[in-house]
Amino acid sequence: MTANRSILVLPGDGIGPEVMTETRRVLDWLGKRRAVKFDVAEGLCGGAALDVHGVPITDDTVRKAMEVDAVLFGAVGGPKWDKLPFEKKPERGLLRLRKEMDLFANLRPAICFPALAEASTLKTELVQGLDILIVRELTGGVYFGQPRGIERLPDGQRRGVNTQVYTTDEIRRVVRVAAELARKRKKKLCSVEKANVMESGVLWREEATKVVTSEFPDVELSHMYADNCAMQLVRNPKQFDVIVTDNLFGDILSDAAAMLTGSLGMLPSASLGARDKTGRRKALYEPVHGSAPDIVGQNLANPLAMILSAAMMLRYSFDLEAEAATIEKAVEQVLAGGIRTADIMQKGKARVSTTTMGDTLLRELDKLG
Ligand code: IPM
Ligand code: MG
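Just so you know, my numbering puts 99 at position 99 of the sequence shown, and the rest follows in order with no gaps.
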């Protein structure tokens, strides 16, 4: 008695639909070869929703996202909608989903596939074997803090305001998720803030220390200022195991971490809420890369980050560890076979399109059975 797992697919804008098409082929493969069936509904988000409904996401789509087992998300945004007022921007669709679904824990693994070690802009020996996990707080901090806005001052100037704010509970719950994950890895957790200049950072450091020392005595906790962390990530990234940090620092540090792996086109992510009484948690899976307007519609995009995000969905939402590992293995084999999209192209390798990358991956999956 296994009820079908329900997924809401939101391809979004730019290269989102292109990479999502390849990902859906992988889901179809799972249905055929592994009898893993999904009920897949599709919806609009970002500019795609703006063009049809005049809003970056409709209430109906948000409601559906809350009901399904998992949301698979492509990317949002593009030059066509850049000049819109803030509340209408495509990005608001994604931010609204994160907030209303309360997806406070954003997992961004940066793993360097052996075949890509040389594609990184860093020296091979620095990134070879790299496996770090950034846990980014996703529903608080300066992204959502009040007051915010742009106001007119009496002297005619304008003033832009955003507020960095965290409560103990917001810090504790994300640190807990990170510490639990560290426990299953090398048991090393680095908490990142700017406690030297920000009160919210002082609180972050104190609460992280309390949570880890009282609940995770087996996890080794260290602290680092965010600027130093950015530097350490490019100096000696393998010193890290799990990093936990706030919304804005996590946004920035995860882009830096992505490049260590060869390309932003390789980095998946999972955004998770709290578990309810039945153990179920709301979840959204998306690649860390954006909508890449410069290459849209040219069949150039790398679909692997989106496909690896679907693998994370299998692992975290559906407990299908074997299937997740199969997809990751297939990605590794494709890369080992010298197949590359433009973003990870290296001398002597075969440069392929989005769809050919999808074809090649499916062939590897067939071999793995
Ligand atoms: C990310 C993106 C988003 C963010 C944008 C698209 C709103 O950069 O997921 O990293 O800033 O969180
Ligand atoms: Mg970002």
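Don't be surprised by glycine CBs; every beta carbon is placed ideally from N, CA and C.
Predicted, not measured: the structure shown is a model, and the values here were computed from it.
What are the uninterrupted segments assigned as alpha helix (DSSP H) that are 4 or more residues long and contained completely in the region 226 to 294, given in chain order?
226 to 235, 247 to 260
Assuming Asn-302 and Gly-265 form a contact by the criterion Cβ under 8 Å, report the distance between their Cβ atoms to the nearest whole angstrom.
One-based indexing of the sequence shown puts residue 302 at position 302. One-based indexing of the sequence shown puts residue 265 at position 265. So it is a contact: roughly 3 Å between Cβ atoms.
Backbone CA spacing between Leu-260 and Ala-230 [nearest angstrom]:
As a first step, residue 260 is located in the sequence shown; it is residue number 260 there, counting from the start. As a first step, residue 230 is located in the sequence shown; it is residue number 230 there, counting from the start. Those two C-alpha atoms are separated by around 12 Å.
Please name the residue or residues paired with Ala-75 in a DSSP beta bridge.
Taking the first residue of the sequence shown as 1, we reach residue 75 at position 75. For Ala-75, which the question treats as bridged, DSSP gives the partners Gly-12.
N-terminal and C-terminal residue of the alpha helix (DSSP H) that Arg-148 is part of
Locating residue 148 in the sequence shown gives position 148, where the first residue counts as 1. Where Arg-148 is concerned, there is no enclosing alpha helix (DSSP H), given that its DSSP letter is neither H nor E.
Quick one: any contact between the region 166 to 177 and the region 104 to 120, if contact means 3 or more CB pairs under 8 Å?
yes
Can you give the Cα-Cα distance for Phe-249 and Glu-193, rounded to whole angstroms?
Locating residue 249 in the sequence shown gives position 249, where the first residue counts as 1. Locating residue 193 in the sequence shown gives position 193, where the first residue counts as 1. Going by the C-alpha atoms only, they are around 8 Å apart.
Give a single yes or no on whether Leu-94 has its beta carbon closer than 7 Å to a heavy atom of the ligand IPM.
Locating residue 94 in the sequence shown gives position 94, where the first residue counts as 1. Under cutoff, so the answer is yes.
Say the cut is 7 Å; is the CB of Asp-251 nearer than that to a heavy atom of the ligand MG?
Looking up residue 251 in the sequence shown gives position 251. It does: the Cβ of Asp-251 is within 7 Å (strictly closer) of some heavy atom of the ligand MG.
Just checking Val-288 against the ligand IPM - is the residue's beta carbon closer than 7 Å to any of the ligand's heavy atoms?
Counting from one through the sequence shown, the residue named residue 288 turns up at place 288. It does: the Cβ of Val-288 is within 7 Å (strictly closer) of some heavy atom of the ligand IPM.
To the nearest angstrom, how far is the alpha carbon of Ala-310 from that of Arg-25?
One-based indexing of the sequence shown puts residue 310 at position 310. One-based indexing of the sequence shown puts residue 25 at position 25. Approximately 11 Å between the Cα atoms of the pair.
When you compare only the Cα positions, how much space is there between Pro-56 and Lys-282?
Within the sequence shown, residue 56 is the residue found at index 56, counting from 1. Within the sequence shown, residue 282 is the residue found at index 282, counting from 1. Cα-Cα distance, rounded: 21 Å.
Pick out whichever of Ile-132, Met-198, Cys-112, Pro-287 has its Cα sitting closest to the Cα of Thr-124.
Indexing the sequence shown from 1 puts residue 124 at position 124. When each option's Cα is compared against that of Thr-124, the closest is Cys-112.
Shorter than 7 Å, the distance from the beta carbon of Asp-255 to the closest heavy atom of the ligand MG, or not?
Locating residue 255 in the sequence shown gives position 255, counting from the first residue. Yes, the beta carbon of Asp-255 sits closer than 7 Å to at least one heavy atom of the ligand MG.
Secondary structure at Ile-7, three-state DSSP: helix, strand or coil?
The residue you call residue 7 lines up with position 7 of the sequence shown. Residue state, collapsed to three classes: strand.
Examine the Cβ distances between the region 131 to 140 and the region 240 to 254 and report whether three or more of them are shorter than 8 Å.
yes
Given a threshold of 16 other Cβ atoms within 10 Å of its Cβ, counted over all protein chains shown, does Ser-214 qualify as buried or as exposed?
To locate residue 214, count along the sequence shown from 1; it is residue 214. Label assigned to Ser-214: exposed.
Tell me which same chain residues have a C-beta within less than 7 Å of the C-beta of Ile-295, skipping the five on either side of it?
In the sequence shown, residue 295 corresponds to position 295, counting from 1. Around Ile-295: Ile-15, Ala-301.
On the three-pair Cβ rule with 8 Å, is the region 20 to 37 touching the region 52 to 67?
no
So, for Asp-359: in the same chain, excluding its five sequence neighbours on each side, which residues have a beta-carbon less than 7 Å away from its beta-carbon?
Against the sequence shown, residue 359 aligns to sequence position 359. Result list for Asp-359: empty, nothing under 7 Å.
Looking at the ligand IPM, does it come within less than 7 Å of Gly-31, judged from the CB to the closest heavy atom?
Position 31 of the sequence shown, counted from the start, is the residue given in the question as residue 31. Not so, every heavy atom of the ligand IPM lies at least 7 Å from the Cβ.
Which class does Val-192 belong to by DSSP, given the choice of helix, strand or coil?
Here residue 192 corresponds to residue number 192 of the sequence shown, with the count starting at 1. Strand.
4-residue-minimum alpha helix (DSSP H) runs that sit fully inside the region 127 to 212, ordered along the chain:
168 to 183
For Leu-304, which residues of its own chain have a beta-carbon under 6 Å away from its beta-carbon, when the five flanking residues on both sides are left out?
Within the sequence shown, numbered from 1, the residue matching residue 304 stands at position 304. Within the same chain, Leu-304 has close Cβ partners Met-266, Val-331.
Residues of its chain near Gln-333, where Cβ-Cβ distance is below 7 Å and the 5 sequence neighbours each way are ignored
Taking the first residue of the sequence shown as position 1, residue 333 is located at position 333. So the qualifying residues of the chain are Glu-364.
Please state the DSSP three-state secondary structure of Ile-57.
Position 57 of the sequence shown, counted from the first residue, corresponds to residue 57. Of the three classes helix, strand and coil, the one that applies to Ile-57 here is coil, per DSSP.
Quick one: give me the first and last residue of the alpha helix (DSSP H) that Leu-400 is part of.
Residue numbering for the chain in the displayed model covers 1 to 369; residue 400 lies beyond these limits and cannot be assessed.
Compute the minimum distance between the beta carbon of Val-74 and the heavy atoms of the ligand IPM, and state whether it is under 7 Å.
By one-based count along the sequence shown, residue 74 stands at place 74. Strictly speaking, residue 74 in this sequence is Gly, with Val absent from that position. No, Cβ of Gly-74 sits at least 7 Å from all heavy atoms of the ligand IPM.
Pairwise C-alpha distance: Ala-336 and Asp-319:
Locating residue 319 in the sequence shown gives position 319, where the first residue counts as 1. Locating residue 336 in the sequence shown gives position 336, where the first residue counts as 1. Computed Cα separation, rounded: 27 Å.
Beta carbon of Val-288 nearer than 8 Å to that of Ala-258:
Numbered from its first residue, the sequence shown carries residue 288 at position 288. Numbered from its first residue, the sequence shown carries residue 258 at position 258. It is a contact, given that the beta carbons lie within the stated cut-off.
Got a sec? Which residues, its chain only, sit under 7 Å from Phe-188 by beta carbon, not counting five neighbours each side?
Translated into the one-based positions of the sequence shown, residue 188 becomes position 188. Looking at the sequence provided, one finds Lys at residue 188 rather than Phe. Correct list, in chain order: Ala-182, Glu-220, Asp-241, Val-242.
Apart from the five residues on each side of it in sequence, which residues of its chain come closer than 6 Å, Cβ to Cβ, to His-223?
Position 223 of the sequence shown holds residue 223. Same-chain partners within the cutoff: Ser-191, Arg-205.
Quick check: what's the CA-CA separation for Pro-293 versus Pro-11?
Here residue 293 refers to the residue found at position 293 of the sequence shown. Here residue 11 refers to the residue found at position 11 of the sequence shown. The straight-line gap from Cα to Cα measures roughly 14 Å.
For Gly-77, verify whether its CB is less than 7 Å away from any heavy atom of the ligand IPM.
Here the question's residue 77 lines up with position 77 in the sequence shown. Yes, the beta carbon of Gly-77 sits closer than 7 Å to at least one heavy atom of the ligand IPM.
Take Thr-278 and list the residues in its own chain whose beta-carbon comes closer than 7 Å to its own, dropping the five residues that flank it on each side.
Your numbering for residue 278 matches position 278 in the sequence shown. No residues qualify anywhere along the chain.
Indicate, with yes or no, if the ligand IPM has a heavy atom lying under 7 Å from the CB of Glu-215.
Numbered from its first residue, the sequence shown carries residue 215 at position 215. Not so, every heavy atom of the ligand IPM lies at least 7 Å from the Cβ.
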